[in-house]
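**Student:**
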Ligand code: GDP
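Numbering (UniProt numbering), first residue to last: 118 to 597.
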């Protein structure tokens with residue numbers, strides 16, 4: 118969303134003139150009516166120890182747009198299984214926990230565990246079903262949320278007792294909180310020497326997760342995923358938490374689900390692993406997901422068995438799409454094929470429009486390929502390097518590359534990591550960013566991606582120089 122400096126000052130609880138002055142001293146002339154962007158807002162808020170949260174400007178969800186959502190009659194609603202995502206820092210034991218729970222719940226008859234990976238699996242505990250998203254880590258979680266699909270009811274945060282809270286632990290907490298999903302802490306690796314569960318508690322307290330026994334509302338369960346110790350504790354806590362959430366769904370309506378994973382099988386064609394969220398998906402149903410549509414020809418459950426239907430919170434492998442849908446696409450069952458085709462056409466149109474509107478900035482590859490037909494008079498570069506000396510060296514070498522057709526301008530050259538500010542500058546001046554022995558910050562990388570700004574990094578100065586030289590002569594090897 119957009120906000121004026123005046124409104125922003127009000128939200129911060131400071132005087133607008135104070136902000137104007139502050140910005141002026143930083144070399145920015147703004148008025149009370151100037152619109153400020155997110156990056157600037159964050160910078161300013163930082164100075165006041167405040168946090169900026171962007172209102173999500175969501176495009177109208179697909180389902181709403183095509184009128185695919187419907188109200189449920191209270192009497193049609195039944196209890197449904199909770200959907201669990203396991204998050205946490207790398208190596209803290211997410212995969213081990215997912216595997217341990219799955220294996221512990223393979224019924225005797227199916228010894229050997231003929232489970233197959235279809236993006237999610239379901240187990241039964243005390244007669245109650247629980248579904249697990251079978252992709253550890255919060256990347257999938259975030260990615261899906263960014264695409265408007267929320268497929269998690271409860272997050273299990275795995276924290277290794279010998280390692281404590283680490284950066285991705287903190288990130289996972291932020292994601293779960295922003296999705297408003299309850300968190301259960303699995304204090305893992307308690308079998309290890311040096312395991313210190315109380316340290317984990319203390320550290321998580323600092324992030325607002327207060328254990329139940331200390332008067333808070335967060336359950337801490339000590340486990341060993343490797344030795345299958347206290348998995349019961351985790352499952353019991355999931356069931357108790359789920360009960361409080363009173364999760365319900367309508368199995369009677371047309372199905373809606375989320376594509377968790379997808380691939381093209383040379384024999385059977387496109388396959389989508391779908392987690393059904395509403396309704397019941399049946400063979401013969403007409404389905405749409407993103408730019409794919411089709412008719413359900415076959416359904417397989419998480420044990421690889423053919424099945425006739427998949428209902429609330431159940432994962433299923435769906436065969437019948439005409440093309441491969443993308444992970445994160447929401448899948449709907451629609452009335453008939455005609456309707457499906459119409460939706461897909463609309464979605465395609467929307468995407469093309471979006472692609473066109475996406476601003477693209479200059480890239481070396483494009484430059485190299487179109488040296489002859491684009492009339493580029495100057496190539497703007499922003500340099501970042503690990504030391505003042507290398508900044509200087511790089512700047513000098515690059516400045517020498519100007520040709521009679523193209524002037525090479527180094528518009529900024531500094532040491533340190535590639536920052537959001539660099540991206541903004543590159544965007545505004547259509548520049549390419551070159552990094553020597555430095556990397557972009559996460560935020561910078563994201564911004565660059567969004568803005569279509571090219572960042573090239575290398576640990577060899579001459580390679581950077583050579584790339585520019587080759588691009589200018591139309592000879593850049595596109596395989597970089
Ligand atoms: P992920 O990156 O979070 O998915 O972590 P993994 O499940 O791959 O586990 C990382 C490493 O920790 C592996 O070598 C596991 O065997 C080990 N590990 C996981 N859980 C435990 C545990 O409870 N105890 C011990 N001792 N090792 C564990």
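In this text, a Cβ means the ideal position worked out from N, Cα and C, and glycines have one as well. Note that the coordinates shown come from a computational prediction; the quantities given were computed from them, not determined experimentally.
For the UniProt region "G-domain" (199–347), which segments carrying the alpha helix (DSSP H) assignment without a break, of at least 4 residues, lie completely within its bounds, in sequence order?
**Tutor:** 211–221, 255–263, 284–295 and 314–322
**Student:** Is the region 337–357 touching the region 370–389 in the sense that three or more CB pairs, one from each, lie closer than 8 angstroms?
**Tutor:** no
**Student:** For residue 134, count neighbouring Cβ atoms within 10 angstroms of its own Cβ and tell me buried if that reaches 16, exposed if not.
**Tutor:** Position 17 of the chain shown, counting from 1, holds the residue named residue 134. By the neighbour-count rule (16 or more Cβ atoms within 10 Å), residue 134 is not buried but exposed.
**Student:** Quick check: does the Cβ of residue 209 come within less than 7 angstroms of any heavy atom belonging to the ligand GDP?
**Tutor:** Against the chain shown, residue 209 aligns to sequence position 92. Residue 209: yes, Cβ under 7 angstroms from the ligand GDP.
**Student:** By a C-beta neighbour count over all protein chains shown, 10 Å radius and 16 as the cutoff for buried, is residue 357 buried or exposed?
**Tutor:** Taking the first residue of the chain shown as position 1, residue 357 is located at position 240. Burial call: exposed.
**Student:** Between which two residues does the beta strand (DSSP E) carrying residue 373 extend?
**Tutor:** What you label residue 373 is simply residue 256 of the chain shown in a count that begins at 1. That run of the beta strand (DSSP E) goes 373–382.
**Student:** Does the structure place the region 429–436 close enough to the region 387–397 that three or more beta carbon pairs sit under 8 angstroms?
**Tutor:** yes
**Student:** So residue 337 and residue 389 are supposed to be a Cβ contact under 8 angstroms. How far apart are they, rounded?
**Tutor:** Mapped onto the chain shown, residue 337 falls at position 220. Mapped onto the chain shown, residue 389 falls at position 272. 37 angstroms between Cβ atoms; not a contact.
**Student:** Are three or more beta carbon pairs between the region 295–307 and the region 261–279 nearer than 8 angstroms?
**Tutor:** Counting Cβ pairs under 8 angstroms, three or more are found: they touch.
**Student:** Compute the minimum distance between the beta carbon of residue 212 and the heavy atoms of the ligand GDP, and state whether it is under 7 angstroms.
**Tutor:** The count along the chain shown starts at 1 and reaches residue 212 at position 95. Checking every heavy atom of the ligand GDP against the Cβ of residue 212, one is found closer than 7 angstroms.
**Student:** Our contact map puts residue 398 next to residue 450 with C-beta atoms below 8 angstroms; I'd like the distance itself, whole angstroms only.
**Tutor:** Walking along the chain shown from the start, residue 398 turns up at place 281. Walking along the chain shown from the start, residue 450 turns up at place 333. The Cβ separation is near 7 angstroms, so the contact holds.
**Student:** Three or more beta-carbon pairs under 8 angstroms between the region 359–370 and the region 189–199, yes or no?
**Tutor:** yes
**Student:** Measuring straight from C-alpha to C-alpha, what distance separates residue 547 and residue 576?
**Tutor:** Taking the first residue of the chain shown as position 1, residue 547 is located at position 430. Taking the first residue of the chain shown as position 1, residue 576 is located at position 459. Rounded to the nearest angstrom, the two C-alpha atoms are 24 angstroms apart.
**Student:** Using CA coordinates, which residue listed in 557, 288 and 582 is at the minimum distance from residue 507?
**Tutor:** What you label residue 507 is simply residue 390 of the chain shown in a count that begins at 1. Nearest option by C-alpha distance: 582.
**Student:** Just to confirm before moving on: does the CB-CB distance between residue 585 and residue 518 stay below 8 angstroms?
**Tutor:** For the purposes of this step, residue 585 is identified with residue 468 of the chain shown, where counting begins at 1. For the purposes of this step, residue 518 is identified with residue 401 of the chain shown, where counting begins at 1. Against a cut-off of 8 angstroms, the Cβ pair of residue 518 and residue 585 comes out as a contact.
**Student:** The ligand GDP and residue 317: does any heavy atom of the ligand fall closer than 7 angstroms to the residue's C-beta?
**Tutor:** Counting from 1 along the chain shown, the entry for residue 317 is found at position 200. Residue 317 Cβ: outside cutoff for every heavy atom of the ligand GDP.
**Student:** What do you reckon, are the CB atoms on residue 296 and residue 252 nearer than 8 angstroms?
**Tutor:** In the chain shown, residue 296 corresponds to position 179, counting from 1. In the chain shown, residue 252 corresponds to position 135, counting from 1. Contact flag unset, no.
**Student:** I need the DSSP call for residue 165, collapsed to helix, strand or coil.
**Tutor:** Here residue 165 corresponds to residue number 48 of the chain shown, with the count starting at 1. Coil at residue 165, not helix or strand.
**Student:** Spatial neighbours of residue 520 within its chain, please: C-beta separation below 7 angstroms, excluding the five flanking residues on both sides.
**Tutor:** Taking the first residue of the chain shown as 1, we reach residue 520 at position 403. So the list reads 589, once near-sequence residues are dropped.
**Student:** Please confirm if residue 307 has its CB atom under 8 angstroms from at least one CB of chain C.
**Tutor:** Protein chain content of the structure displayed is limited to a single chain, and chain C is not contained in it.
**Student:** Within 10 angstroms of its Cβ, does residue 410 collect 16 or more other Cβ (buried), or is it exposed?
**Tutor:** Along the chain shown, one-based indexing puts residue 410 at 293. Buried: at least 16 other Cβ atoms inside 10 Å.
**Student:** Using the beta-carbon count (16 or more within 10 Å), is residue 141 buried or exposed?
**Tutor:** Reading the chain shown from its first residue, position 24 is the one you call residue 141. In summary, residue 141 is exposed, with fewer than 16 beta-carbon neighbours lying within 10 Å of its beta-carbon over all protein chains present.
**Student:** Residue 387: which of 415, 496 and 363 sits nearest, CA to CA?
**Tutor:** By 1-based counting over the chain shown, the position of residue 387 is 270. It is 415.
**Student:** Less than 7 angstroms between the CB of residue 151 and some heavy atom of the ligand GDP, yes or no?
**Tutor:** Within the chain shown, numbered from 1, the residue matching residue 151 stands at position 34. No, the Cβ of residue 151 stays beyond 7 angstroms of every heavy atom of the ligand GDP.
**Student:** Since residue 339 contacts residue 314 with CB under 8 angstroms, what's their CB separation in whole angstroms?
**Tutor:** The residue you call residue 339 lines up with position 222 of the chain shown. The residue you call residue 314 lines up with position 197 of the chain shown. Rounded, the Cβ-Cβ distance is 5 angstroms, consistent with contact.
**Student:** Less than 7 angstroms between C-beta atoms, sequence neighbours within five positions excluded: which residues of the same chain meet that for residue 266?
**Tutor:** Here residue 266 is taken as the residue at index 149 of the chain shown, counted from 1. Around residue 266: 375, 445 and 447.
**Student:** To which residues does DSSP link residue 530 through a beta bridge?
**Tutor:** As a working mapping, residue 530 is identified with position 413 in the chain shown. Partner(s): 500.
**Student:** How big is the Cα-Cα spacing for residue 557 and residue 568?
**Tutor:** The sequence position of residue 557 within the chain shown is 440, counting from 1. The sequence position of residue 568 within the chain shown is 451, counting from 1. About 14 angstroms.
**Student:** Can the beta-carbon of residue 535 be found closer than 8 angstroms to that of residue 454?
**Tutor:** Locating residue 535 in the chain shown gives position 418, counting from the first residue. Locating residue 454 in the chain shown gives position 337, counting from the first residue. No, the Cβ-Cβ distance between residue 535 and residue 454 is not below 8 angstroms.
**Student:** Would the beta-carbon of residue 149 fall within 8 angstroms of that of residue 123?
**Tutor:** Within the chain shown, the letter at position 32 stands for residue 149. Within the chain shown, the letter at position 6 stands for residue 123. Yes, Cβ-Cβ distance for residue 149 and residue 123 is below 8 angstroms.
**Student:** Tell me which residue opens and which closes the alpha helix (DSSP H) that residue 137 is part of.
**Tutor:** What you label residue 137 is simply residue 20 of the chain shown in a count that begins at 1. It spans 133–142 - the alpha helix (DSSP H) in which residue 137 sits, taken as one unbroken run.
**Student:** Would you kindly report the start and end of the unbroken alpha helix (DSSP H) that includes residue 415?
**Tutor:** Residue mapping note: residue 415 aligns to position 298 of the chain shown, counting from 1. First-last for residue 415: 409–417, but that is the beta strand (DSSP E), not the alpha helix (DSSP H).
**Student:** According to DSSP, is residue 146 part of a helix, a strand, or is it coil?
**Tutor:** Locating residue 146 in the chain shown gives position 29, counting from the first residue. Assignment of residue 146 by DSSP, reduced to helix, strand and coil, places it in the coil class.
**Student:** Would the beta-carbon of residue 236 fall within 8 angstroms of that of residue 279?
**Tutor:** To locate residue 236, count along the chain shown from 1; it is residue 119. To locate residue 279, count along the chain shown from 1; it is residue 162. For residue 236 and residue 279, no; Cβs fall outside 8 angstroms.
**Student:** Could you give the first and the last residue of the continuous alpha helix (DSSP H) run that contains residue 540?
**Tutor:** For the purposes of this step, residue 540 is taken as residue 423 along the chain shown, with counting starting at 1. Run containing residue 540: 537–546, per the alpha helix (DSSP H) assignment.
**Student:** Counting only runs that start and end within the region 552–595, where is the beta strand (DSSP E) found for 3 or more residues in a row?
**Tutor:** Whole beta strand (DSSP E) segments, 3+ residues: 572–575.
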